[in-house]
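Chemist: Take this structure, written in structure tokens, and hold onto it; I'll ask about it next.
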Amino acid sequence: MFAYLLRRLLATIPVMLVVALFVFSLLYLSPGDPAVVIGGDTATAEDIARIREKLGLDQPFTVQFGTWLWNVVRGDLGISIFTNLPVSRLILQRIEPTLALTVCTMVLTIVVAVPMGVLAAWKVGTWIDRLVMAFAVLGFSFPVFVTGYLLIFGLSIWADLLPVQGYVSISNGLWAFLPNMVLPSLALGMVYTALIARITRASMLEVLSQDYIRTAHSKGLSSGKVLLGHALKNASVPIVTTIGIGLALLISGVVVTESVFAIPGLGRLTVDAILRRDYPIIQGVILVFSAAYVMVNLLIDVCYTFLDPRIRY
Amino acid sequence: MTAASLDDLSDIAVARPVSLRDIVRRNPMVVAGSTLLLAMVAMAVLAPYLGTVDPQALSPIRRLRPPSAQYWFGTDMLGRDVYSRVVYGARISLTVGLSVAILSTAIGLVVGMVAGFSRPVDAVLMRVMDGLMSIPAVLLAIALMALTKASIENVIVAITIAEVPRVSRLVRGVVLSLREQPFVEAARATGTRVWKILARHILPNTLAPLIVQGTYICASAIITEAILSFLGAGTPPNIPSWGNIMAEGRSLFQVAAYIILFPGLFLSLTVLAVNLVGDGLRDMLDPRLARRM
Chain D
10 MFAYLLRRLL ATIPVMLVVA LFVFSLLYLS PGDPAVVIGG DTATAEDIAR
60 IREKLGLDQP FTVQFGTWLW NVVRGDLGIS IFTNLPVSRL ILQRIEPTLA
110 LTVCTMVLTI VVAVPMGVLA AWKVGTWIDR LVMAFAVLGF SFPVFVTGYL
160 LIFGLSIWAD LLPVQGYVSI SNGLWAFLPN MVLPSLALGM VYTALIARIT
210 RASMLEVLSQ DYIRTAHSKG LSSGKVLLGH ALKNASVPIV TTIGIGLALL
260 ISGVVVTESV FAIPGLGRLT VDAILRRDYP IIQGVILVFS AAYVMVNLLI
310 DVCYTFLDPR IRY
Chain W
184 MTAASLDDLS DIAVARPVSL RDIVRRNPMV VAGSTLLLAM VAMAVLAPYL
234 GTVDPQALSP IRRLRPPSAQ YWFGTDMLGR DVYSRVVYGA RISLTVGLSV
284 AILSTAIGLV VGMVAGFSRP VDAVLMRVMD GLMSIPAVLL AIALMALTKA
334 SIENVIVAIT IAEVPRVSRL VRGVVLSLRE QPFVEAARAT GTRVWKILAR
384 HILPNTLAPL IVQGTYICAS AIITEAILSF LGAGTPPNIP SWGNIMAEGR
434 SLFQVAAYII LFPGLFLSLT VLAVNLVGDG LRDMLDPRLA RRM
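Here you go:
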């Protein structure tokens, strides 16, 4: 087990290196010379040469990449071009809303999607099944910002049930925090719910056709016990895998959702950075999101051993 | 075997001509999807003849008119006709969707086949693909768009780069399972050249999953383009695309909801149509998967 953990951890290193290389190339290839920007209008050719030397911009690509990577590993993500603040500090300031939105969405999705999939598989071929599958197709087709605006029009403006936009920090209490989270989580969770409901149904159908399920039924277990104790447990590995892979969808969606609902998180930071071409921020956000994605999937790989004792490493 | 049963067999074996009604009854969703998609394509092609005006024509006196007989979808804050902009916007979405689907399946096919047939190349290529796949697609496309100027070509290239890793993985998986098959081994044993094995034996077998995947990529590319444009990192603002129209309506959505709702509706319907066609193709081309999903 420990050897497996170590091997799996080491396997993430080349993946993160590729991400780092891509992210670094982004700044390296970006149009405009940072030295000229920093030097300003009055800088002479010698001034610019001096700034280039000071920033290490005269070094070859590999040396620059090495220096940059070393800084990143130590938590230094560079300085924002526009605000002149350290990128790591900007990211830390904005991480709470994004984390809150992601966690709320994941919880909501899993609580809704897994029972939906189980129900559809149990009642396969009935109208319940068809309803779930129809929802799955629709959920895939409605982009997160369209769903978001539809929810705002329906539940905030027309029915006046929930706040239209904005974010209240969780430090102001759970009841102040939650109302602002409902609509964004619903909008963001739509695609994710569709995906997980679909895979839960497929995985459950596969398991429900097994002999041991018939045995469990014939020895007189209640349907609920068979479904949850025998079937869902054995169907869980593909479901959990999809939850992990689907996180990429969720992160892509976060950027848009935060713009629709005016949530001051990492997504908004990214969008503002694109409009201002603030490359260090774009780099930092991509690094953070990708690292989170890789880490969550690493955790999920480790979870397999608990879900399915047959899997040994 | 009696003559009667032989007759029965031949009766079954000969494919009866399938009538249009049979097709509709068996796959109502596919037919609905294809019809909807064809309607969108027709709308995009025939945009100038569908009662539209110049989608860029400004008319400051007629700003923010709600939908009416004259302005079917209303006018935006610059007095431009939202109906005309939405109809013309179909051109951008469909062009981007189709181009990305074709480009990324073609590139993914080559990468996947090379990786599946050469171990050293596989090790390097798949690490690169794993790395790219761990960057969420929209962020990857955003990052690439930040490097270049906004244009439709650049949007297509950026989304293609974000989609290629998935196709490569798919093709590589198919190739790896095929190369162990007896017919490939036989071809190799008789001294057939590698490229000939790839072209004759591997390629035809990758086509079915590739076509299905291509359809889903088309749907996801249409969404990604809209997201990029919505965030201001996609199609340049002087071209009406559904994402752009929605981005312009953002600040006014409490007073002029229609500016956002109409393009959003067309966007969703188009993606739905493409997804339905994709599901139908999957059911037709891969019956094993069809039963499961």
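Heads up: the sequence lines are chains D and W, in that order. For the first sequence, my numbering gives the first residue as 10, with consecutive numbering after it. For the second sequence, my numbering gives the first residue as 184, with consecutive numbering after it. Backbone N, C-alpha and C fix where the C-beta goes; we use that ideal spot for every residue, glycine too.
Cβ atoms of P303 (chain W) and S267 (chain W): under 7 Å apart, would you say?
Modeler: Sequence index remark: in the second sequence, residue 267 (chain W) carries index 84 (1-based). Sequence index remark: in the second sequence, residue 303 (chain W) carries index 120 (1-based). Contact flag unset, no.
Chemist: With distance defined between alpha-carbon atoms, name the residue in W:A320, W:V438, W:P420 nearest to A404 (chain W).
Modeler: Locating residue 404 (chain W) in the second sequence gives position 221, counting from the first residue. Ranked by Cα distance from A404 (chain W), the options W:A320, W:V438, W:P420 are led by W:A320.
Chemist: Quick check on the burial criterion: 16 or more other C-beta atoms within 10 angstroms. Buried or exposed for T279 (chain D)?
Modeler: Here residue 279 (chain D) refers to the residue found at position 270 when the first sequence is read from its first residue. Burial call: buried.
Chemist: What is the rounded straight-line gap between the Cα of Q73 (chain D) and the Cα of P23 (chain D)?
Modeler: Mapped onto the first sequence, residue 73 (chain D) falls at position 64. Mapped onto the first sequence, residue 23 (chain D) falls at position 14. Their Cα atoms are separated by approximately 19 Å.
Chemist: Can you give me the start and stop residues for the alpha helix (DSSP H) that T209 (chain D) sits inside?
Modeler: Against the first sequence, residue 209 (chain D) aligns to sequence position 200. Note, T209 (chain D): alpha helix (DSSP H), 183-217.
Chemist: How would you list, in chain order, the residues of chain W whose beta-carbon sits under 7 Å from the beta-carbon of I295 (chain D)?
Modeler: Here residue 295 (chain D) is taken as the residue at index 286 of the first sequence, counted from 1. Ordered by position in chain W, the residues that pass the 7 Å Cβ test against I295 (chain D) are I318, L322, A326.
Chemist: Taking its Cβ as the centre, do 16 or more other Cβ atoms sit within 10 Å of G293 (chain D), making it buried, or is it exposed?
Modeler: What you label residue 293 (chain D) is simply residue 284 of the first sequence in a count that begins at 1. Buried, by the Cβ-count rule.
Chemist: By the DSSP assignment, the alpha helix (DSSP H) with F300 (chain W) in it spans what residues?
Modeler: Stepping through the second sequence from its first residue, residue 300 (chain W) is reached at position 117. It spans 265-300 - the alpha helix (DSSP H) in which F300 (chain W) sits, taken as one unbroken run.
Chemist: Going by beta-carbon coordinates alone, are R103 (chain D) and L256 (chain D) separated by less than 7 Å?
Modeler: Sequence index remark: in the first sequence, residue 103 (chain D) carries index 94 (1-based). Sequence index remark: in the first sequence, residue 256 (chain D) carries index 247 (1-based). No. Outside cutoff.
Chemist: Looking only at C-alpha atoms, which of D:D310, D:V120, D:P247, D:V173 sits nearest to T209 (chain D)?
Modeler: Counting from 1 along the first sequence, the entry for residue 209 (chain D) is found at position 200. Ranking the options by Cα distance to T209 (chain D), first place goes to D:P247.
Chemist: Roughly how many angstroms separate the alpha carbons of R474 (chain W) and T235 (chain W), rounded to a whole number?
Modeler: For the purposes of this step, residue 474 (chain W) is taken as the residue at position 291 of the second sequence. For the purposes of this step, residue 235 (chain W) is taken as the residue at position 52 of the second sequence. The predicted model places R474 (chain W) with a pLDDT of 45, which falls under 50 and marks its position as unreliable; any figure quoted below should be read in that light. Whole-angstrom Cα-Cα distance: 45 Å.
Chemist: Between the C-alpha atoms of K242 (chain D) and L316 (chain D), what's the straight-line distance to the nearest angstrom?
Modeler: Reading the first sequence from its first residue, position 233 is the one you call residue 242 (chain D). Reading the first sequence from its first residue, position 307 is the one you call residue 316 (chain D). A straight-line Cα-Cα distance of about 7 Å links K242 (chain D) and L316 (chain D).
Chemist: Taking the C-alpha atoms as reference points, what is the distance between L117 (chain D) and I222 (chain D)?
Modeler: Walking along the first sequence from the start, residue 117 (chain D) turns up at place 108. Walking along the first sequence from the start, residue 222 (chain D) turns up at place 213. So the two alpha carbons sit approximately 29 Å from each other.
Chemist: Between which residues of its own chain and G257 (chain W) is the CB-CB distance below 6 Å, once the five residues before and five after are set aside?
Modeler: Here residue 257 (chain W) corresponds to residue number 74 of the second sequence, with the count starting at 1. Cβ within range, chain order: R248, P249, P250, V265, Y441.
Chemist: Can you pull the chain D residues whose beta carbon is under 8 Å from the beta carbon of S451 (chain W), in chain order?
Modeler: Mapped onto the second sequence, residue 451 (chain W) falls at position 268. Near S451 (chain W) (Cβ distances below 8 Å), the residues of chain D are S150, F151, P152, V155.
Chemist: Looking at the unbroken alpha helix (DSSP H) that takes in L219 (chain W), where does it start and where does it end?
Modeler: Within the second sequence, numbered from 1, the residue matching residue 219 (chain W) stands at position 36. Counting along the chain, the alpha helix (DSSP H) containing L219 (chain W) begins and ends at 211-228.
Chemist: What are the residues in the stretch 152-185 of chain D lying within 9 Å of chain W by C-beta distance?
Modeler: Near chain W, meaning a CB-to-CB distance below 9 Å, the residues of the stretch 152-185 of chain D are P152, V153, F154, V155, T156, Y158, L159, I161, F162, I166, V173.
Chemist: Under the rule that 16 or more other beta-carbon atoms within 10 Å means buried, what is V364 (chain W), buried or exposed?
Modeler: Walking along the second sequence from the start, residue 364 (chain W) turns up at place 181. Here the sequence assigns Gln to residue 364 (chain W), which means Val is not the residue at that position. Exposed, by the Cβ-count rule.
Chemist: If you draw a straight line from the alpha carbon of T314 (chain D) to that of I410 (chain W), how long is it in whole angstroms?
Modeler: Locating residue 314 (chain D) in the first sequence gives position 305, counting from the first residue. Locating residue 410 (chain W) in the second sequence gives position 227, counting from the first residue. Whole-angstrom Cα-Cα distance: 38 Å.
Chemist: If the criterion is Cβ atoms closer than 7 Å, does the pair I406 (chain W) and P152 (chain D) meet it?
Modeler: Translated into positions along the second sequence, residue 406 (chain W) becomes position 223. Translated into positions along the first sequence, residue 152 (chain D) becomes position 143. Going by C-beta atoms, I406 (chain W) is nearer than 7 Å to P152 (chain D).
Chemist: Would you identify the three-state DSSP class for P95 (chain D), choosing helix, strand or coil?
Modeler: Within the first sequence, the letter at position 86 stands for residue 95 (chain D). Three-state DSSP puts P95 (chain D) in a strand.
Chemist: What residues in the stretch 24-53 of chain D have a beta carbon less than 8 Å from any beta carbon of chain W?
Modeler: V24, M25, L26, V27, V28, L30, F31, V32, L35, L38, S39, P40
Chemist: Against L455 (chain W), what residues of chain D qualify as contacts under a CB-to-CB distance less than 9 Å, listed in chain order?
Modeler: Residue mapping note: residue 455 (chain W) aligns to position 272 of the second sequence, counting from 1. Chain D residues near L455 (chain W): V146, L147, F149, S150, F151.
Chemist: Is it buried or exposed, W167 (chain D), if we count other Cβ atoms within 10 angstroms and call 16 or more buried?
Modeler: Residue 167 (chain D) sits at position 158 when you count from the first residue of the first sequence. W167 (chain D) should be labelled exposed.
Chemist: Leaving out five residues on either side along the sequence, give the residues of the same chain with a beta carbon under 6 Å from the beta carbon of Y271 (chain W).
Modeler: For this step, residue 271 (chain W) is matched to residue 88 along the second sequence. Cβ within range, chain order: A230, P238, P423.
Chemist: Output, in sequence order along the chain, the residues in the stretch 239-260 of chain D whose CB is closer than 7 Å to any CB in chain W.
Modeler: A257, I260
Chemist: So that I know if they touch, is there some Cβ in chain W lying closer than 7 Å to that of Y201 (chain D)?
Modeler: Stepping through the first sequence from its first residue, residue 201 (chain D) is reached at position 192. Judged by the 7 Å Cβ criterion, Y201 (chain D) is not in contact with chain W.
Chemist: Would you mind stating whether L327 (chain W) and A341 (chain W) have Cβ atoms separated by less than 7 Å?
Modeler: As a first step, residue 327 (chain W) is located in the second sequence; it is residue number 144 there, counting from the start. As a first step, residue 341 (chain W) is located in the second sequence; it is residue number 158 there, counting from the start. A contact, by the Cβ cut-off of 7 Å.
Chemist: From D:L296, D:D281, D:V311, D:R319, pick the residue whose C-alpha is nearest to that of F91 (chain D); which is it?
Modeler: Here residue 91 (chain D) is taken as the residue at index 82 of the first sequence, counted from 1. Closest by alpha carbon: D:D281.
Chemist: Taking contact to mean 3 or more Cβ pairs, one atom from each stretch, closer than 8 Å, check whether the stretch 82-90 of chain D and the stretch 169-177 of chain D are in contact.
Modeler: no
Chemist: Counting contacts by CB-CB distance shorter than 7 Å, is R475 (chain W) in contact with chain D?
Modeler: Looking up residue 475 (chain W) in the second sequence gives position 292. With a pLDDT of only 43 at R475 (chain W), under the threshold of 50, the placement of this residue in the model should not be trusted, and no figure is reported.
Chemist: So, G126 (chain D) versus V200 (chain D), is the Cβ gap smaller than 7 Å?
Modeler: Along the first sequence, one-based indexing puts residue 126 (chain D) at 117. Along the first sequence, one-based indexing puts residue 200 (chain D) at 191. Result no, Cβ atoms of G126 (chain D) and V200 (chain D) do not sit closer than 7 Å.
Chemist: For I137 (chain D), decide whether its Cβ has a neighbour in chain W, counting only Cβ atoms nearer than 7 Å.
Modeler: Translated into the one-based positions of the first sequence, residue 137 (chain D) becomes position 128. Interface criterion not met: the Cβ of I137 (chain D) is under 7 Å from no Cβ in chain W.
Chemist: Measuring straight from C-alpha to C-alpha, what distance separates D138 (chain D) and S217 (chain W)?
Modeler: If you number the first sequence from 1, residue 138 (chain D) lands on position 129. If you number the second sequence from 1, residue 217 (chain W) lands on position 34. So the alpha carbons of these two residues sit roughly 24 Å apart.
Chemist: What are the residues in the stretch 414-429 of chain W lying within 8 Å of chain D by C-beta distance?
Modeler: L414, G415, A416, M429
Chemist: When you compare the CB positions of T343 (chain W) and V283 (chain W), do they come within less than 7 Å of one another, or not?
Modeler: Against the second sequence, residue 343 (chain W) aligns to sequence position 160. Against the second sequence, residue 283 (chain W) aligns to sequence position 100. Yes; because the gap between Cβ atoms is below 7 Å, this pair is in contact.
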